[in-house]
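This report refers to the structure that appears directly beneath it.
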Amino acid sequence: MDWKIILLVIFVLVAVLAVYVIGQYNNLIRSRNQVREAFSTMDVLLLKRSDLIPDLVATVKASAAHESETLENIVKARSRAIESNDTASRLEAENELSMGISNLLVVAEAYPDLKASSNFIQMQNDLRAMETEIENSRKYYNGTVKYHNNAVSVFPANVVASMFNFKEETLFKLQNESQREKPTVEF
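With the first letter of the sequence shown counted as 1, position 119 gets the number 1141 in my numbering; the numbers rise by one all the way through.
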């Protein structure tokens, strides 16, 4: 009789462990899928923004021809962002693109004809709206990444994560400290 009780206890422990591992695995799958969904949503918005850039650059180029360096930097950053193969390099390229767009809008302020152009004003408004959507999407993405990274890192779930090769995801961060500074606007 004693060996039957021992076998029953072992069976129950193995069953409890199996249920725990399955539950943790499913939680990790859900969190990884949330990160992928959040990145995909952000990616769609970033691509929409990229589609606005050629028209914006062409409009500025017509009015501010000698600002070619700023325009070239934006075009290069856009290309790097579109051609990026991994999340980290994509996020870095998008950071550069955001900085380039900000610089372009500052440069445009120096050209009254450009500021008065209804086409430019509409693109500027579209870009501002898109940036707000992208900012919200980045917040959601970072929230899902934080949740996933916690799920991958916290004991004992990290044991299950390492068994099934789950890795931490990359947060979207500002590339440099100058992006944190509030711009000065003078009228």
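Glycine is no exception: its CB is placed at the ideal position from the N, C-alpha and C atoms.
Legend entry - Neighbourhood of GLU1105 by C-beta distance below 6 Å, restricted to the same chain and skipping five residues each side: So the list is empty, once near-sequence residues are dropped.
Legend entry - Segment limits, alpha helix (DSSP H) that includes PHE1142: Here the alpha helix (DSSP H) through PHE1142 covers 1140 to 1175.
Inset, instruction - Assign LEU1069 to buried or exposed, taking buried as 16 or more other Cβ atoms, counted over all protein chains shown, within 10 Å of its Cβ. - result: By the 10 Å Cβ count, LEU1069 comes out exposed.
Inset, instruction - With DSSP collapsed to three states, give me the class of PRO1178. - result: Coil at PRO1178, not helix or strand.
Legend entry - Given SER1062 as reference, the closest of TYR1162, ALA1151 and VAL1043 once Cα atoms are compared: Ranked by Cα distance from SER1062, the first of TYR1162, ALA1151 and VAL1043 is TYR1162.
Legend entry - Own chain, CB closer than 8 Å to VAL1038, minus 5 neighbours either side, in chain order: For VAL1038, where only same-chain residues beyond five positions count, there are no Cβ hits under 8 Å.
Legend entry - Classification of GLN1046 by the beta-carbon crowding that lies within 10 angstroms, buried from 16 upward: It counts as buried.
Legend entry - Proximal residues to ASN1164 (C-beta, below 8 Å), its chain only, five neighbours per side dropped: Around ASN1164: LEU1193 and PHE1194.
Inset, instruction - Please report the residue range of the alpha helix (DSSP H) in which GLU1118 lies. - result: Taken as a continuous stretch (DSSP letters only), the alpha helix (DSSP H) holding GLU1118 covers 1109 to 1130.
Inset, instruction - In angstroms with no decimal places, state the Cα-to-Cα distance between ARG1112 and ALA1103. - result: Taking the straight line from one Cα to the other gives about 5 Å.
Inset, instruction - Measure the CB-CB distance between ILE1096 and LEU1067 and report whether it falls below 8 Å. - result: Taking a C-beta distance under 8 Å as the contact criterion, ILE1096 and LEU1067 do not qualify as a contact pair.
Legend entry - DSSP state of LEU1029 mapped onto helix, strand, coil: LEU1029 falls in the helix class under three-state DSSP.
Legend entry - the segment 1168 to 1178 / the segment 1043 to 1059 touching (three or more Cβ pairs under 8 Å): Here the segment 1168 to 1178 makes contact with the segment 1043 to 1059; the two share three or more CB pairs at distances below 8 Å.
Inset, instruction - Please work out which residues of its chain come closer than 6 Å, Cβ to Cβ, to MET1185, disregarding the five sequence neighbours upstream and downstream, and give them in chain order. - result: Within the same chain, and ignoring the five residues on either side of MET1185 in sequence, no residue has its Cβ closer than 6 Å to its Cβ.
Legend entry - Alpha-carbon to alpha-carbon, ILE1027 and ALA1060: Going by the C-alpha atoms only, they are around 49 Å apart.
Legend entry - ARG1100 versus GLU1091, ASN1107 and ASP1073, residue with shortest Cα-Cα distance: Ranking GLU1091, ASN1107 and ASP1073 by Cα distance to ARG1100 puts ASP1073 first.
Legend entry - Coarse secondary structure for GLU1190, derived from DSSP in three states: Per DSSP, reduced to three states, the secondary structure at GLU1190 is coil, with no helix or strand assignment.
Inset, instruction - Look up TYR1042 in the DSSP assignment and say whether it is helix, strand or coil. - result: In the structure shown, TYR1042 falls within a helical segment according to DSSP collapsed to helix, strand and coil.
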